[in-house]
Amino acid sequence: MRQTQLFTKTSKQLNQEETSANAQLLVRGGYIDKLMAGVYTLLPLGRRVVDHIEQIIREEMDAVAGQEVSMPALQPKDNWVKTGRWDSMRDILYTIKDEAGHEYTLGPTHEEIVVPLAKQFIQSYKDLPISIYQFQSKFRKELRPKSGILRGREFLMKDMYSFHATVEDLDAYYERVTAAYLRVFTRLGLQDVTYLTYASGGVFSKYSHEFQTVTPAGEDTIYICDGCRLAINHEIRHETPHCPSCGKDQFTTAKAIEVGNIFKLMTKFSEPFGLGFTDASGARLPVIMGCYGMGLTRLLGTIVEIDHDEKGIIWPEAVAPYRVHLLNLSKDSVQADAAYASLQAAGVSVLYDDRLVSPGVKLGDADLLGLPQRVVISQKTGTNVEVKLRSQPDSQLIPFDQLLATLTTPNV
RNA sequence: CGGGGAUUAGCGCAGUUGGUAGCGCGUCUGGUUUGGGACCAGAAGGUCAUCAGUUCGAGUCUGAUAUCCCCGACCA
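The first sequence begins at 108 in my numbering and counts up one residue at a time.
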């Protein structure tokens with residue numbers, strides 16, 4: 108992509124009202140735009156990052172036999188009345204009434220939709236287990252959206268729902284999904300700061316599990332066990348003085364962002380909708396369920412909170428909007444155009460700063476945008492090109508004809 | 001939902017005792033520049049959040065409303 112063709116521009120203006128690093132850097136870089144409190148547009152660069160996050164999650168959900176669907180955001184009132192949540196979740200539901208008097212809500216989650224849907228296809232133990240997921244905009248009337256993109260009223264989420272014949276089967280699948288979640292966070296470069304966390308579980312299970320990423324920008328407080336890699340949420344700390352995993356009682360306190368949450372729903376939603384199955388002996392039993400959420404736009408903000416410095420964002424290669432930022436600081440564009448053409452031909456994703464602006468602007472924008480690899484061509488580099496990792500302070504000069512080989516080798 | 005702060009050009013802001021709105025960035029034109037956010041000259045760009053009131057006259061004073069930010073409460 109030539110930067111002169113890019114829809115967005117960067118801004119060096121700081122918005123004094125916006126204090127969170129993720130909002131400042133994502134807005135200044137032209138990744139997102141705020142429409143209103145807690146509601147953001149994903150601009151081309153931001154959309155590309157979210158696409159990459161989404162694809163990683165998709166691959167890992169597919170790997171645990173998830174099947175992708177897309178359920179509607181606009182949902183009829185009746186489904187919510189059946190589970191009692193039209194009233195119990197009233198405070199966070201965006202409700203709509205049309206001219207005919209029909210009422211709807213914009214979905215804050217999809218149990219009320221997925222369970223009646225599953226009922227159409229699950230009749231027998233032979234239809235189980237099954238797991239379906241989607242990427243979807245969720246709507247929650249947060250009283251106070253905050254922290255930039257971390258706590259929105261409309262946000263992107265991956266939600267998966269699993270259906271089982273027995274609790275044992277749910278337990279086993281729950282473990283598989285936990286492992287899949289940890290693989291996602293590893294691929295996103297968050298493995299060292301993300302903790303599987305025990306949290307309050309609701310009616311049917313003692314605990315749910317959250318995936319908490321440690322950063323000062325977090326709004327949750329967790330206690331990280333000094334004996335293992337597990338943590339517990341402060342909301343259950345008083346009733347859980349010992350680590351549920353290793354039994355130790357020494358913890359380190361940290362602020363963290365909840366980037367995922369998984370629940371054993373058991374029969375909480377299958378019962379109100381009459382979702383059951385016939386087992387091998389002919390008995391009619393309720394379907395056992397689990398649900399598994401992960402916030403995509405929240406991950407976008409979290410990665411920025413974790414991976415930035417005073418100059419801008421430092422994207423992990425797996426999610427960067429482009430892998431290479433090609434900067435032409437030369438008066439003519441002959442060599443830079445050639446480099447751009449050869450990188451494109453080799454399938455390297457590259458943002459080419461072909462703008463007629465001063466070197467300082469281009470270098471500053473490269474730091475702000477935070478693409479992993481920076482390639483500079485100028486009078487000074489002569490027949491060489493300069494290659495630098497955003498995450499490292501030092502650059503190196505390499506011969507022009509070795510550029511492709513260098514960029515396609517890890518750890519330049 | 002409680003407390004505090006804010007709303008003036010695309011963005012960031014100033015605007016004194018009330019007298020008809022300005023700066024920086026950005027944008028456009030011309031010229032000079034080119035390794036860390038260059039310079040000169042010129043130009044365009046405004047329902048001063050909204051509504052009501054006080055006044056000869058309101059960005060400025062009064063009231064209401066809306067929206068945004070921060071702290072707290074809340075968060076399947």
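Quick reminder that beta carbons are idealized off the backbone N, C-alpha and C, glycines included. Note that the structure is a prediction, hence the values are computed from the model and not measured.
For Lys362, the enclosing beta strand (DSSP E) stretches over residues 358 to 373.
For Met168, the number of other beta carbons within 10 angstroms of its own is at least 16, and it is reported as buried. Residue burial annotation: Glu282 is exposed, with fewer than 16 other C-beta atoms found within 10 angstroms of its C-beta. A residue is called buried when at least 16 other Cβ atoms come within 10 angstroms of its Cβ; Met143 does not meet this threshold and is exposed. Ranked by how close their Cα comes to the Cα of Leu476, the residues Gly136, Thr111, Asn122, Lys355 have Gly136 in first place. The DSSP-derived three-state label of Met108 is coil. The beta-carbon distance between Thr216 and Phe376, rounded to whole angstroms, is 10 Å. This is too long to meet the 8 Å contact definition. Bounds of the beta strand (DSSP E) holding Ile505 are 502 to 506. Rounded to the nearest whole angstrom, the C-alpha separation of Arg462 and Met267 is 44 Å.
Distance from the CA of Leu150 to the CA of Pro348, rounded to the nearest whole angstrom, comes to 45 Å. Put simply, the backbone Cα of Ser437 is about 23 Å away from that of Ala453. For the 8 Å CB-CB criterion, Val146 and Gly259 form a contact. If you compare the alpha carbons of Asp198, Tyr211, Leu372, Val366 with that of Leu263, the shortest gap goes to Val366. In this structure, Ala180 lies near Gly214, with their beta-carbon atoms less than 8 Å apart.
The shortest C-alpha to C-alpha distance from Ser244 to any of Met178, Ser195, Pro183, Asn435 is the one to Met178.
Taking a cut-off of 8 Å on C-beta distances, the stretch 223 to 243 touches the stretch 268 to 278, as three or more cross pairs fall below it. Counting only the Cα atoms, Glu326 lies some 20 Å from Tyr314. Annotation: His341 to Gln442 spans about 57 Å, alpha carbon to alpha carbon.
Phe384 sits in a strand when the DSSP states are folded into three classes.
In the pairwise beta carbon analysis, the stretch 424 to 438 is classified as not touching the stretch 351 to 358: fewer than three pairs are separated by under 8 Å.
When C-alpha distances from Ser127 are compared across His415, Met396, Glu161, the shortest belongs to His415.
DSSP places Thr285 in the uninterrupted alpha helix (DSSP H) bounded by 274 to 294. Taking C-beta atoms under 8 Å as the contact rule, Ala446 and Ile484 qualify, at a distance of about 6 Å. According to DSSP, residue pairing for Arg197 in a beta bridge does not occur. Contact check for Gly408 against Gly255 passes: the beta carbons are separated by less than 8 Å. Assigned with DSSP and collapsed to three states, Ala144 falls in coil, not helix or strand. A straight line joining the alpha-carbon of Val457 with that of Ala425 spans about 14 Å.
For Asn122, the secondary structure class from DSSP, reduced to helix, strand or coil, is coil. Taking each of Pro506, Pro479, Ala207 in turn and checking the Cα distance to Thr488, the smallest one comes out for Pro506.
In this structure, the CA atom of Val321 is about 37 Å from the CA atom of Glu378. Bridge pairing for Pro379: absent [DSSP].
When the beta-carbon positions are compared, Asp333 and Thr360 stay at least 8 Å from each other. The beta carbon of Val411 is closer than 7 Å to those of Ala128, Asn129, Leu132, Leu133, Ile420 in its chain, skipping five residues each way along the sequence.
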